[in-house]
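Each residue of the sequence shown is one higher than the last, beginning at 1 in our numbering. The beta carbon of each residue, even a glycine, is placed where N, CA and C say it ideally should be. Please read all numbers here as calculations on a predicted model, not as lab measurements. Working notes for the structure below.
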Amino acid sequence: MLLLTRILTGIGQAFHIPSMASMVSRHLTAADKGRVFGIILAGSHCGTVLAGSIGSLLVENYGWRALFQFVGVLSLLWYWCLHLALSRYAYRQLSPSISENDLDKKIKMDSRIRNHENFRAAAVAQYTGGNAYFTMFNWLPSYFHETFPEAQGISLLGIAFCLFIVPGTSSFVPALLVFSFAMACRGLHHGGVSVNPHDFAPHHTGAVF
């Protein structure tokens, strides 16, 4: 059941960033897109720090179920606040009607975007950065648990991809600093790569993501 829940959560997350990128691209100016999108993406890392700090205490004292219940309650509270904020505005629903000419233009535009060198560069950078990030995210707790078992609870404060630097560390503090610095570098990735689709495909940002 836990595995199925995580799979369904991942499927739901697959629509989050593309939809968010599309909304940012359509409703913000070029000068504000990078700043706003960078702040939005930083929220996921704030959640990681929150779950890693408070979550470790919950797991230690109340068991692993308490962590899932804590995050679930926060999600419901956030949904309630967002629903109240959006309910104040009236939205007009439009029935989309796409002609064959518009559909042909859209297909040609999608093909041009996929074949553009900027799109390929952003796709490779996003894949490599995300792959390294989540690899380290999954293995970081095991690394600190096996290497520094006396320092439980601090392992999730730093997540990174500095695989070549970490083996050279011989004590806990330098290893933690390396992971923290690499996580800060991940923030530069958000500011330099994740905002590029807003520039070279402003009308297809969600599809590019």
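{"Item": "Delimiting residues of the alpha helix (DSSP H) encompassing PRO18", "Value": "16-27"}
{"Item": "Through-space distance from ILE39 to PHE164, alpha-carbon basis", "Value": "29 Å"}
{"Item": "Exposed unless 16 or more other CB atoms sit within 10 angstroms - verdict on LEU76", "Value": "exposed"}
{"Item": "Distance between LEU50 and VAL59 (C-alpha atoms, nearest Å)", "Value": "13 Å"}
{"Item": "Straight-line Cα distance separating SER180 from SER53", "Value": "14 Å"}
{"Item": "In chain order, each beta strand (DSSP E) run of at least 3 residues that lies wholly inside the stretch 20-82", "Value": "none"}
{"Item": "Beta-carbon spacing of GLY55, LEU74 below 7 Å", "Value": "no"}
{"Item": "Unbroken alpha helix (DSSP H) run spanning ILE11, endpoints", "Value": "2-13"}
{"Item": "Secondary structure of SER170, DSSP reduced to three states", "Value": "coil"}
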